[in-house]
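If you're matching them up, the sequences are chains A and B in order. Residue 94 is where the first sequence starts when you use the working numbering, and the numbers rise one by one after that. Residue 2 is where the second sequence starts when you use the working numbering, and the numbers rise one by one after that. Ideal Cβ placement from N, Cα and C applies to all residues, glycine included. Report on the structure given below.
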Amino acid sequence: IAGITQAPTSQILAAGRRMTLRCTQDMRHNAMYWYRQDLGLGLRLIHYSNTAGTTGKGEVPDGYSVSRANTDDFPLTLASAVPSQTSVYFCASSESSNSPLHFGNGTRLTVT
Amino acid sequence: AQSVTQLDSQVPVFEEAPVELRCNYSSSVSVYLFWYVQYPNQGLQLLLKYLSGSTLVKGINGFEAEFNKSQTSFHLRKPSVHISDTAEYFCAVRDTGTASKLTFGTGTRLQVTL
């Protein structure tokens, strides 16, 4: 079934450690996004990529980095995790920046 | 920049009753509007969208929403809810400019009981 695969499903991470959340899509969508979901705050955009080779900052980019080496993959890296990065992270894609988003099932990250 | 307000964090309703989930937006330009649904431990799924044309938009699972430009609202409605409609519902908006990104509301938890 076509869609977005996120890994891992959940992770407990010690503060200060480096972590990469993986996201792969098989729909050949041009645009990809990373959101974090926190209770009472909804979803907030971390980083996005309109097409392979380009990335941009969203609403809450600090402490995160992304890369888009090809169309299918859009990994999110936390260089040195902090407890405030405890959240559920969702990867999404869209055919173009004007199209509706398709979401993965999320990664639940706990930073201790 | 655009913003979205979902005033109701939780809406309890009995099965087979009608429901309305409220969404108001703010933007200085034209917008596209969306409703997404999130079931437990899953990602968000598109419920319906307004891009242009008719202001009454029908989506999946019997939901519909009406775009009201004068009141800057995009309320979601269903005439008769089912237990399986229990989920979190998110309203989202983006400006029609190509550089604009989607902004989500804080969500409304719909709890359907017998």
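A buried status is given to G135(A), since no fewer than 16 other beta-carbon atoms sit within 10 Å of its beta-carbon. Looking only at R115(A), H122(A), G109(A), A108(A), the smallest Cα-Cα distance to S190(A) is reached by H122(A).
Taking the C-beta atoms as reference points, S27(B) is found no nearer than 9 Å to Q7(B). Within the same chain, R78, K79, P80, S81, V82 come within 8 Å of P19(B) by CB-CB distance, once the 5 residues on both sides are set aside. Counting only Cβ-Cβ distances below 7 Å, L47(B) has contacts in chain A at P193, in chain order. In this chain, T164(A) is not harboured by any beta strand (DSSP E), its DSSP state being neither H nor E. Neighbours of N198(A) in chain B, taken as residues whose beta carbon is under 9 Å from its own, are N42, Q43, G44 in chain order. Cβ-Cβ separation between L169(A) and T113(A): approximately 7 Å, consistent with a contact (criterion under 8 Å).
Within the region 125-148 of chain A, those residues whose Cβ lies closer than 7 Å to any Cβ of chain B are, in chain order, G133, L134, G135, L136, L138, Y141.
Listed in chain order, the positions of the region 159-186 of chain A with a beta carbon within less than 8 Å of a beta carbon of chain B are F183, A185.
In summary, the residues of the region 46-79 of chain B whose CB is separated from some CB of chain A by less than 8 Å are Q46, L47, K50, in the order they occur in the chain.
For V153(A), no beta strand (DSSP E) segment is defined, and its DSSP state is neither H nor E. For S53(B), there is no enclosing beta strand (DSSP E), as DSSP gives it neither H nor E. By the neighbour-count criterion, in which a residue is buried when 16 or more other Cβ atoms sit within 10 angstroms of its Cβ, D86(B) is buried. Excluding five sequence positions before and after R115(A), the CB atoms of its chain that fall closer than 6 Å to its own CB belong to A100, P168, given in chain order.
Taking the CA atoms as reference points, Q72(B) sits about 14 Å from A66(B). Near chain A, meaning a CB-to-CB distance below 9 Å, the residues of the region 10-44 of chain B are S10, Y33, F35, Y37, Q39, N42, Q43, G44. Listed by position along chain B, the residues whose Cβ is nearer than 9 Å to that of G151(A) are K102.
A straight-line Cα-Cα distance of about 24 Å links N198(A) and A108(A). 9 Å or more divides the Cβ of I61(B) from the Cβ of L52(B). Residue pairing by DSSP places P101(A) opposite no residue, since no beta bridge is assigned to it. Look at I105(A): its C-beta is not under 9 Å from any C-beta on chain B.
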